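Peer 1:
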Amino acid sequence: MPLDERIITEAIFDEYALKFKSSLDLDVAIVGGGPSGLTAARLLAADGFNVALFERKLSLGGGMWGGGMLYNIIVVQEESVHLLTDVGIPVKRYKDNYFTADAVTATTALAAAACLAGAKVFNCLSVEDVVLREVDGAKQVTGLVVNSSPVEMAGLHVDPIVLGCKYLVEATGHAVEVLKTLVRKNDVKLNTPSGKIEGEQSMWAEVAETNTVTNTREIFPGVYVAGMAANASFGSYRMGPIFGGMLLSGEKVAADIAKKLRG
Ligand code: 48F
Numbered sequence: 658m659p660l661d662e663r664i665i666t667e668a669i670f671d672e673y674a675l676k677f678k679s680s681l682d683l684d685v686a687i688v689g690g691g692p693s694g695l696t697a698a699r700l701l702a703a704d705g706f707n708v709a710l711f712e713r714k715l716s717l718g719g720g721m722w723g724g725g726m727l728y729n730i731i732v733v734q735e736e737s738v739h740l741l742t743d744v745g746i747p748v749k750r751y752k753d754n755y756f757t758a759d760a761v762t763a764t765t766a767l768a769a770a771a772c773l774a775g776a777k778v779f780n781c782l783s784v785e786d787v788v789l790r791e792v793d794g795a796k797q798v799t800g801l802v803v804n805s806s807p808v809e810m811a812g813l814h815v816d817p818i819v820l821g822c823k824y825l826v827e828a829t830g831h832a833v834e835v836l837k838t839l840v841r842k843n844d845v846k847l848n849t850p851s852g853k854i855e856g857e858q859s860m861w862a863e864v865a866e867t868n869t870v871t872n873t874r875e876i877f878p879g880v881y882v883a884g885m886a887a888n889a890s891f892g893s894y895r896m897g898p899i900f901g902g903m904l905l906s907g908e909k910v911a912a913d914i915a916k917k918l919r920g
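Just so we're on the same page, my numbering is the position in the sequence shown counted from 1, plus 657.
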């Protein structure tokens, strides 16, 4: 059968339009495609919610591809192993309480599992701002403002476009980009001791891993923090190349938001 390049182009436009239009009123918008964002996206989509994940880069996976210092093996603790094995990632026990997995296998499997569960992934889109509204007398985030990453990288003066969401998950990692924009542009207080982003402290893996999960919560009406962004927001430590806390944070944010959405 002859191939018509115009139909190939039309197929791309039509299908992308369908995907984008079905994301205008999201239950959950996840910003950042690292391990915490991918895990949250998979679990929320599997629960039947309308979920989209926005990732600045062309590839998903955030800081997980390179393991530690480009030695592409990841380490997790026992309590998080199910979040790897549930999506078919082989793990090996190492010295009693540690488990390892191949970083490339883990990254690609987490990404595939999120997509196959029904999360709509928009790669190469950067979230540059949020939509802030008064709801019942209080300010709340009700949407996100996105632009094409190449536009952002080239510094072109091109206006962004907007999608709505019931909840936004800030999973941008160490940079905490979305929350930084929220507090820089608006007279708002976060649900942290100072009302601002507390900032990340130096390496302390054991404490940081536990804190990642306890810090995963609603930090502003409509906004949850997950992964390293949760620790950076609440002033906890970094943990380096151990990823169990990231996966467990994704699981926790998904469970908390699912509970809220179900009322
Ligand atoms: O940093 P990242 O992997 O986040 P995470 O899920 O996991 C952290 C670990 O990788 C590692 C660690 C573990 O011990 O400390 O660092 O918390 O992934 C964050 C993703 O967010 C994207 C960024 O490209 C990366 O893939 N991102 C950041 N800002 C934006 C964004 C933005 N404004 N819009 C879209 N994507």
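Note that beta-carbon positions come from the ideal geometry of N, C-alpha and C, so glycine has one too. Quick caveat, the model's predicted, so the values are computed rather than measured.
Does the distance between the C-beta of Glu-875 and the nearest non-hydrogen atom of ligand 1 fall short of 7 Å?
Peer 2: no
Peer 1: Since Met-721 contacts Phe-900 with CB under 8 Å, what's their CB separation in whole angstroms?
Peer 2: 6 Å
Peer 1: Using three-state DSSP, classify Ala-795 as helix, strand or coil.
Peer 2: strand
Peer 1: Over what stretch of residues does the beta strand (DSSP E) that includes Leu-825 continue unbroken?
Peer 2: 818-827
Peer 1: Could you please give the first and the last residue of the uninterrupted beta strand (DSSP E) stretch that includes Ser-890?
Peer 2: Taken as a continuous stretch (DSSP letters only), Ser-890 belongs to no beta strand (DSSP E), being part of the alpha helix (DSSP H) at 885-891.
Peer 1: For the beta strand (DSSP E) that contains Met-860, what are its first and last residues?
Peer 2: 858-860
Peer 1: Taking Asn-843 as the reference, give the member of His-814, Val-870, Phe-877, Ala-811 with the closest Cα.
Peer 2: Residue Phe-877 is the option with its Cα nearest to Asn-843.
Peer 1: Looking only at its own chain, which residues have a Cβ that is under 6 Å from the Cβ of Ala-911, when we skip the five neighbours before and after it?
Peer 2: Ala-697, Leu-700, Leu-701
Peer 1: Would you mind giving the Cβ-Cβ distance between Ala-686 and Phe-711, rounded to the nearest angstrom? I have them listed as a contact below 8 Å.
Peer 2: 7 Å
Peer 1: Consider the C-beta atom of Ala-776 and the heavy atoms of ligand 1; say whether any pair is separated by less than 7 Å.
Peer 2: no
Peer 1: Taking 7 Å as the cut-off, is the beta-carbon of Arg-841 closer than that to any non-hydrogen atom of ligand 1?
Peer 2: Incorrect: Arg-841 has no Cβ contact closer than 7 Å to ligand 1.
Peer 1: Specify, as a first and last residue, the run of the beta strand (DSSP E) that Ala-770 falls within.
Peer 2: Where Ala-770 is concerned, there is no enclosing beta strand (DSSP E), although the alpha helix (DSSP H) it sits in stretches over 760-774.
Peer 1: For the pair the segment 665-682 and the segment 815-825, tell me if three or more CB-CB distances fall below 8 Å.
Peer 2: Yes, the segment 665-682 touches the segment 815-825.
Peer 1: Using 8 Å as the threshold, is the C-beta distance between Gly-745 and Ala-774 below it?
Peer 2: no
Peer 1: Indicate, with yes or no, if ligand 1 has a heavy atom lying under 7 Å from the CB of Lys-714.
Peer 2: yes
Peer 1: Rounded to whole angstroms, what's the CA-CA distance from Glu-827 to Ala-776? Just pull it up for me.
Peer 2: 16 Å
Peer 1: Taking C-alpha atoms, which residue in Glu-667, Gly-724, Gly-800, Met-896 lies nearest to Thr-867?
Peer 2: Met-896
Peer 1: Out of Val-708, Gly-892, Asn-872, which one is the CA nearest neighbour of Ala-915?
Peer 2: Val-708
Peer 1: Taking 7 Å as the cut-off, does the CB of Ile-914 come closer than this to any heavy atom belonging to ligand 1?
Peer 2: At a threshold of 7 Å, Ile-914 does not count as near ligand 1, since its beta carbon sits no closer than that to any of the ligand's heavy atoms.
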